[in-house]
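Residue numbering for the sequence shown follows the working numbering, beginning at 19 and increasing consecutively. For glycine and all other residues, C-beta sits at the position ideal for the given N, C-alpha and C. No experiment lies behind these values; they were computed from the predicted model shown.
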Amino acid sequence: MYSPHPEINARRQAWYTHVRQNMHQVVEPDGRAQSVLFAAPYRSPVWILPALYTGSDTDIKLANALAARYHNDDRGRCQCFNIFQTNLFAHCLHRFDKLLSDEARQVMHWHADLICNDPLASQRADFKFQGANDNMPMMATYGMIFAGEYCQSQSTIDHGIWNLEQLARQLRRSAWLGEFNSSTYTAITLSGAAKIASFSQTPYARELAQKIEHRIWVELFAHFHPTTFLQAGPQSRAYIVDRCGGTHSLQMLYWLVLGENLSGRDPIKTYFDWDGKEVTHFAGNAMKNAAEFCDLFDADFHLPDQIKEWMVNRQYPFTVQGRAECFKNPMEQGAEYHTYTYMQPDYTLGTVNTAITDNMQTLNLYTTYKHADEPTNFTQSGTIFPQYMRNNETLGILETSPDKSATGEKFLPDHAWYHAYQHQNHALLTAIPDPGISRKPISSLKLGLIFPCHYQGINRYILGKQIRNSNELSSTPIIEPISIHTGSIYLHVQPLILAQLSCEARIRMTDHNKRYQVLELVTYEGPKRTFTREQLSLLCTGMYVNIVEKNQFKTLEKFHEHMSDINVLDYYSVGIRNIRIQHHDIDFELAITAHNLGLRNACVNGQPIDTPLMSIDQLQIDQLPFMGKDIPQTTKPFPWSDSMSNHPANWPWMIGSDGNNAAPNYQTYTAIPGLFD
Numbered sequence: 019m020y021s022p023h024p025e026i027n028a029r030r031q032a033w034y035t036h037v038r039q040n041m042h043q044v045v046e047p048d049g050r051a052q053s054v055l056f057a058a059p060y061r062s063p064v065w066i067l068p069a070l071y072t073g074s075d076t077d078i079k080l081a082n083a084l085a086a087r088y089h090n091d092d093r094g095r096c097q098c099f100n101i102f103q104t105n106l107f108a109h110c111l112h113r114f115d116k117l118l119s120d121e122a123r124q125v126m127h128w129h130a131d132l133i134c135n136d137p138l139a140s141q142r143a144d145f146k147f148q149g150a151n152d153n154m155p156m157m158a159t160y161g162m163i164f165a166g167e168y169c170q171s172q173s174t175i176d177h178g179i180w181n182l183e184q185l186a187r188q189l190r191r192s193a194w195l196g197e198f199n200s201s202t203y204t205a206i207t208l209s210g211a212a213k214i215a216s217f218s219q220t221p222y223a224r225e226l227a228q229k230i231e232h233r234i235w236v237e238l239f240a241h242f243h244p245t246t247f248l249q250a251g252p253q254s255r256a257y258i259v260d261r262c263g264g265t266h267s268l269q270m271l272y273w274l275v276l277g278e279n280l281s282g283r284d285p286i287k288t289y290f291d292w293d294g295k296e297v298t299h300f301a302g303n304a305m306k307n308a309a310e311f312c313d314l315f316d317a318d319f320h321l322p323d324q325i326k327e328w329m330v331n332r333q334y335p336f337t338v339q340g341r342a343e344c345f346k347n348p349m350e351q352g353a354e355y356h357t358y359t360y361m362q363p364d365y366t367l368g369t370v371n372t373a374i375t376d377n378m379q380t381l382n383l384y385t386t387y388k389h390a391d392e393p394t395n396f397t398q399s400g401t402i403f404p405q406y407m408r409n410n411e412t413l414g415i416l417e418t419s420p421d422k423s424a425t426g427e428k429f430l431p432d433h434a435w436y437h438a439y440q441h442q443n444h445a446l447l448t449a450i451p452d453p454g455i456s457r458k459p460i461s462s463l464k465l466g467l468i469f470p471c472h473y474q475g476i477n478r479y480i481l482g483k484q485i486r487n488s489n490e491l492s493s494t495p496i497i498e499p500i501s502i503h504t505g506s507i508y509l510h511v512q513p514l515i516l517a518q519l520s521c522e523a524r525i526r527m528t529d530h531n532k533r534y535q536v537l538e539l540v541t542y543e544g545p546k547r548t549f550t551r552e553q554l555s556l557l558c559t560g561m562y563v564n565i566v567e568k569n570q571f572k573t574l575e576k577f578h579e580h581m582s583d584i585n586v587l588d589y590y591s592v593g594i595r596n597i598r599i600q601h602h603d604i605d606f607e608l609a610i611t612a613h614n615l616g617l618r619n620a621c622v623n624g625q626p627i628d629t630p631l632m633s634i635d636q637l638q639i640d641q642l643p644f645m646g647k648d649i650p651q652t653t654k655p656f657p658w659s660d661s662m663s664n665h666p667a668n669w670p671w672m673i674g675s676d677g678n679n680a681a682p683n684y685q686t687y688t689a690i691p692g693l694f695d
């Protein structure tokens, strides 16, 4: 059962056909793996099953051989719970039962039975929607509904529906998912909701899942920038490879439902005829990426026509604001996200106030822009984002995939805690180094503003009074403003570097491996030394950013002169960092505790910043699912009949992926030694 839209089906089948034609690269006809990534117990062989089960008899035979190996592989660890494989198998059992061999059915039924009967599988408390890793609770949710329907376990179905109801209630009090606008993960959550809406035998589950899917489409399309073909706005979880604008999970869904012209993508070319430049996941391993997208595509997507038209015919300027729930912020506190995204035809600027946990993946400030006058695909657009680096780390370092078949860019974690807010095309970003790097030898600390240049670089820039062309490097030992011409925009950066530790260059434009141009704001550079947590908290840095279309000024020099007419106040007193930016008709004011970025006040033009539940231009909010009078209730107040004896994982914010280290046996909370001593 797939969507009645013939164009969507044609693109899905084109993708599946290319995957099937390339299976010989990773597995033998009998299912034996040529690539370690396609051996049991890994995910890829299960992700790829929908492409094979919808193919020829030969493809179906291969699918059954791949599934059967999960009980007949000498690698072991196949017969245990895993949030990916277990729920994927439940979906395939429910969907492709008539095509399964006895051996494949035995494997899938084992996992479905596990879901229904083991409290440490998908029913674990860890997999409720809680503002973190929404994609995993969604996998657990469809796993419970499909396993419950196949095994005729009403209590398991009810638990899955309870999960859906909890997400619906979360979307009543929030604009976005907890794992909001994520280029990698939101697509998985959306696909999971679409799977339930497409294949569940329970009418109420289908109805509720379709409403959730509708809300996620609104979240995604509100942040899609059709003139650059890029996903705009801040993201709760994004890797370096996502931030560059390459083809990731969300872009794959856009290609599927919108086509090449509106999405600006040709993923078949990306993954099966690589241009040598585009950055993708899994160290560039095409078939591992392809396998994940096969599972992603296996649903009938219920894209409301009016939402598509609203996105395509967007009027500018366009502003999006919303609330989401953060499991906990870098200070280990429960928190709220407040996002703000501003769009013009030539560019976007988006921010979010806080990050999830250690901030390795949160994208707190993000810009997309046109590089060509009228881009025809994503390669003619660009992105800009911050990254805090230590010890001479550089972006664009290459690594080899585990099966040695591909080479791609390595993920570089961020080492700062950020607070950001904005008004239209103005944004203020403040940062301190992550206290987690205290007591570790450090030779440099710097906040970078990153310009990916895989397809094109910046045009010109002015650093203080130094005028430079795109490929020229420069630096200054003092704090000076920078103006940059890149593509269709002029970007102004006023550095905020409160600490005055020794370094030869305070600000410089650098090159990272011929893949990124980086404006570096240097806090420390010198002999290796260690910093205490208190010392790191005082190494305050940040930037004030302003973006305009280049046609608003005759030259970059005129823009720089205008933007440099600015008053900046930035000082530390009684534990509070106080910042005030006064520039022509904008007045930003921020008071924030330096050691943990606790907010005291944030104002624009003397008024506290607005943090609405949801505000989206040109969209009637109260008509959306779970808004207005559509307030979701719950059919079951509490799904764990055993009083939650299924203790959550040791790292609950991560959401444990398997059952081997997920819980201290089957103890109840009260039985755990020391918990209430």
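Length of the line joining the Cα atoms of residue i and residue j
| i | j | result |
| --- | --- | --- |
| residue 562 | residue 343 | 26 Å |
| residue 450 | residue 457 | 16 Å |
| residue 256 | residue 299 | 11 Å |
| residue 671 | residue 575 | Here residue 671 scores only 48 on pLDDT, less than 50, and its place in the model should not be relied on; the value that follows carries that caveat. One C-alpha to the other measures close to 48 Å. |
| residue 566 | residue 310 | 38 Å |
| residue 286 | residue 37 | 9 Å |
| residue 493 | residue 481 | 8 Å |
| residue 136 | residue 174 | 11 Å |
| residue 141 | residue 345 | 19 Å |
| residue 616 | residue 382 | 16 Å |
| residue 478 | residue 500 | 11 Å |
| residue 696 | residue 538 | Lying before the first or after the last residue shown, residue 696 is absent from the chain, which here runs from 19 to 695. |
| residue 627 | residue 635 | 18 Å |
| residue 117 | residue 84 | 14 Å |
| residue 107 | residue 130 | 7 Å |
| residue 260 | residue 517 | 31 Å |
| residue 329 | residue 369 | 20 Å |
| residue 53 | residue 40 | 13 Å |
| residue 464 | residue 407 | 5 Å |
| residue 466 | residue 612 | 20 Å |
| residue 31 | residue 396 | 23 Å |
Presumed contact (8 Å Cβ cut-off) between residue i and residue j, rounded CB distance
| i | j | result |
| --- | --- | --- |
| residue 434 | residue 377 | 7 Å |
| residue 253 | residue 192 | Residue 253 to residue 192, Cβ: 16 Å. No contact. |
| residue 385 | residue 402 | 4 Å |
| residue 320 | residue 231 | 5 Å |
| residue 399 | residue 277 | Their Cβ separation, rounded to whole angstroms, is 18 Å, which puts residue 399 and residue 277 out of contact at 8 Å. |
| residue 89 | residue 96 | 6 Å |
Per DSSP, cross-strand counterpart(s) of residue i
| i | result |
| --- | --- |
| residue 588 | 597 |
| residue 534 | 470, 530 |
| residue 605 | 600 |
| residue 45 | 51 |
| residue 344 | 353 |
| residue 30 | In DSSP, residue 30 forms no bridge with anything. |
| residue 426 | 417 |
| residue 460 | 547 |
| residue 632 | 340 |
| residue 228 | Beta-bridge pairing links residue 228 to no other residue. |
| residue 308 | Partner(s): none; residue 308 has no beta bridge. |
| residue 507 | 504, 567 |
Three-state class that DSSP yields for residue i in the structure shown
| i | result |
| --- | --- |
| residue 563 | strand |
| residue 389 | coil |
| residue 476 | coil |
| residue 116 | helix |
| residue 324 | helix |
| residue 202 | coil |
| residue 24 | helix |
| residue 271 | helix |
| residue 647 | coil |
| residue 616 | coil |
| residue 242 | strand |
Chain B within 8 Å of residue i, Cβ atoms only
| i | result |
| --- | --- |
| residue 329 | Any reference to chain B falls outside this structure, which holds one protein chain only. |
Checklist entry - Is it a yes or a no for the segment 99-112 touching the segment 155-175, going by three-plus beta-carbon pairs under 8 Å? => result Contact holds: three or more Cβ-Cβ distances are below 8 Å.
Item to check | Touching by the beta-carbon criterion (3+ pairs, under 8 Å), the segment 573-581 and the segment 499-511 | outcome: Yes, the segment 573-581 touches the segment 499-511.
Checklist entry - Are the segment 532-550 and the segment 470-489 touching by the rule of at least three beta carbon pairs closer than 8 Å? => result A contact exists between the segment 532-550 and the segment 470-489.
Checklist entry - Does the segment 264-282 come within contact of the segment 212-227, defined as at least 3 CB pairs closer than 8 Å? => result In short, these stretches do not touch, since the Cβ pair count stays below three.
Checklist entry - Does the segment 241-252 come close enough to the segment 350-364 that 3 or more CB-CB pairs lie under 8 Å? => result Because the criterion of three Cβ pairs below 8 Å is met, the segment 350-364 and the segment 241-252 touch.
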